[in-house]
Every structure is written in structure tokens, then in C-alpha cells.
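Visitor: Numbering (the working numbering), first residue to last: 341 to 524.
By construction, the Cβ of each residue, glycine as well, lies at the ideal position given by its N, Cα and C atoms.
Below are the C-alpha cells for one structure; questions will follow.
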């Protein structure tokens with residue numbers, strides 16, 4: 341039985357260090373460690389695994405963000421598809437759930453489409469498909485203006501997705517608060 345308890349303490353240790361245990365489990369953990377010198381030694385000797393856990397989570401975040409970003413670009417308005425509405429909402433939702441920062445959602449959704457819009461306009465200019473009768477300066481200004489509008493449209497749907505993510509977070513937080521109140 342003592343070996344099983346030691347394995348349980350060792351398994352709970354990373355969660356304990358991250359502060360992810362429930363209050364009851366954390367109290368039980370503290371009590372077990374306090375009453376047994378072997379467990380105290382185990383807690384003080386075991387190196388924190390936070391860096392490897394954070395690294396793995398960052399890898400997953402980058403992977404999911406890259407996949408959703410790739411799908412969103414494939415469904416962009418520049419490809420003549422209105423499926424971008426769903427994919428940019430999903431992109432905004434995922435990025436907000438991972439990073440909980442609307443600025444990052446803006447960065448991921450606005451900047452690539454803006455750059456793509458500018459390069460598409462420059463490719464048209466190089467191909468000779470530019471607006472006839474317009475000077476180079478007028479064409480560049482209208483290209484920038486068009487790219488801003490195109491990126492803003494895509495960004496709008498990503499922000500809607502991040503708002504959905506914010507609502508999901510608030511709903512789960514309120515549920516956990518209500519569950520704690522019901523336990524008391």
C-alpha cells in the first residue's frame with residue numbers, strides 16, 4: 341500500500357506544482373507530505389517539469405494555430421470563397437482560447453491577408469493588369485486601401501470567433517463557481 345501511495349504522490353506532484361489540484365486534493369496532498377518524511381524528500385528532490393509541459397503545450401498551440409491558419413488562408417476571399425467566414429471564426433476561436441488575447445487574434449487574421457492583398461495587387465501591376473489611366477502612386481494607394489479593407493473583413497470574423505471563445509471561457513468559469521457554491 342505504501343508503494344501505491346508513493347506512486348500517487350509522484351503522479352500528482354506536477355499538478356500540485358502547477359496549482360491544478362482541487363482544494364480537497366491539495367489539502368490531502370499536503371497532509372500526506374507533512375506526515376511522511378519520504379514524501380517530503382520526494383517533493384523537494386523532484387525537479388519541476390513545468391518547462392517541458394509548457395514546451396509541449398506551446399508546440400500544440402502552434403500546430404493547431406498553423407493548421408487553422410492554413411485552412412483559413414485556403415478559404416480566403418482572395419480565392420473566391422466565402423467559406424472564409426467559418427474558418428476565420430474558427431481561427432479566432434482557437435487563437436483566443438490558446439492565448440486569451442485579442443491582439444494576437446488581430447495579428448494572425450489581419451497581417452497575412454493584408455500582405456497577401458498587397459502582393460496580389462503588385463502581381464497584377466507586374467502582369468500589366470493594373471487600372472488604366474492611374475498613376476503608379478494612385479495604384480499603390482488604392483492597393484493598400486483595398487488590402488486594408490480585405491484584411492479588415494477577414495479580421496472581423498476572427499474577432500467574432502474570439503468573442504465566442506471569450507463567452508465559452510466565461511461560461512465555464514461561472515459553472516465552476518456554481519459547482520463550488522453547491523459543494524459548500
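Quick check: what's the CA-CA separation for residue 445 versus residue 459?
Guide: Position 105 of the chain shown, counted from the first residue, corresponds to residue 445. Position 119 of the chain shown, counted from the first residue, corresponds to residue 459. Roughly 22 Å separates the two Cα atoms.
Visitor: Please name the residue, chosen from 362, 393, 364 and 485, that lies closest to residue 455 on a Cα-to-Cα basis.
Guide: One-based indexing of the chain shown puts residue 455 at position 115. The residue with the shortest Cα to Cα distance from residue 455 is 485.
Visitor: Is the stretch 424-434 touching the stretch 490-499, taking contact as three or more C-beta pairs under 8 Å?
Guide: A contact exists between the stretch 424-434 and the stretch 490-499.
Visitor: Smallest Cα separation from residue 404: which of 434, 440 and 420?
Guide: Locating residue 404 in the chain shown gives position 64, counting from the first residue. Checked all of 434, 440 and 420; the closest Cα to residue 404 is 434.
Visitor: Measuring only the C-alpha atoms, how far is residue 513 from residue 356?
Guide: Position 173 of the chain shown, counting from 1, holds the residue named residue 513. Position 16 of the chain shown, counting from 1, holds the residue named residue 356. Answer to the nearest angstrom: the Cα atoms are 20 Å apart.
Visitor: Would you mind working out which of 480, 475 and 396 sits nearest residue 461, comparing C-alpha positions?
Guide: Residue numbering aside, residue 461 sits at position 121 when the chain shown is read from its first letter. Comparing Cα positions, the closest option is 480.
Visitor: Quick one: residues in its chain with C-beta nearer than 7 Å to the C-beta of residue 311, no 5 flanking neighbours on either side, listed in chain order?
Guide: One cannot answer for residue 311 here, as it falls past the ends of the chain, which runs 341 to 524.
Visitor: Taking all protein chains shown into account, decide if residue 400 is buried (16 or more other Cβ within 10 angstroms of its Cβ) or exposed.
Guide: Here residue 400 refers to the residue found at position 60 of the chain shown. Residue 400 is exposed by the Cβ-count criterion.
Visitor: Need the endpoints of the alpha helix (DSSP H) that residue 460 sits in, please.
Guide: Here the question's residue 460 lines up with position 120 in the chain shown. First-last of the alpha helix (DSSP H) with residue 460: 442-466.
Visitor: Straight-line CA distance for residue 473 to residue 494?
Guide: As a working mapping, residue 473 is identified with position 133 in the chain shown. As a working mapping, residue 494 is identified with position 154 in the chain shown. Looking at the two C-alpha atoms, the distance is approximately 30 Å.
Visitor: If you run the structure through DSSP and keep just helix, strand and coil, what is residue 343?
Guide: In the chain shown, the residue the question calls residue 343 occupies position 3. In the structure shown, residue 343 sits in a helix (DSSP, three-state: H, G or I).
Visitor: Do residue 432 and residue 502 come within 8 Å of each other at the CB atom, strictly closer than that value?
Guide: Your numbering for residue 502 matches position 162 in the chain shown. Your numbering for residue 432 matches position 92 in the chain shown. Against a cut-off of 8 Å, the Cβ pair of residue 432 and residue 502 comes out as a contact.
Visitor: Taking residue 441 as the reference, which of 414, 509 and 362 has the closest Cα?
Guide: By one-based count along the chain shown, residue 441 stands at place 101. Of the candidates 414, 509 and 362, the one whose C-alpha sits nearest the C-alpha of residue 441 is 509.
Visitor: With distances taken between CB atoms, is the gap from residue 350 to residue 382 smaller than 8 Å?
Guide: Numbered from its first residue, the chain shown carries residue 350 at position 10. Numbered from its first residue, the chain shown carries residue 382 at position 42. Yes, they are a contact pair.
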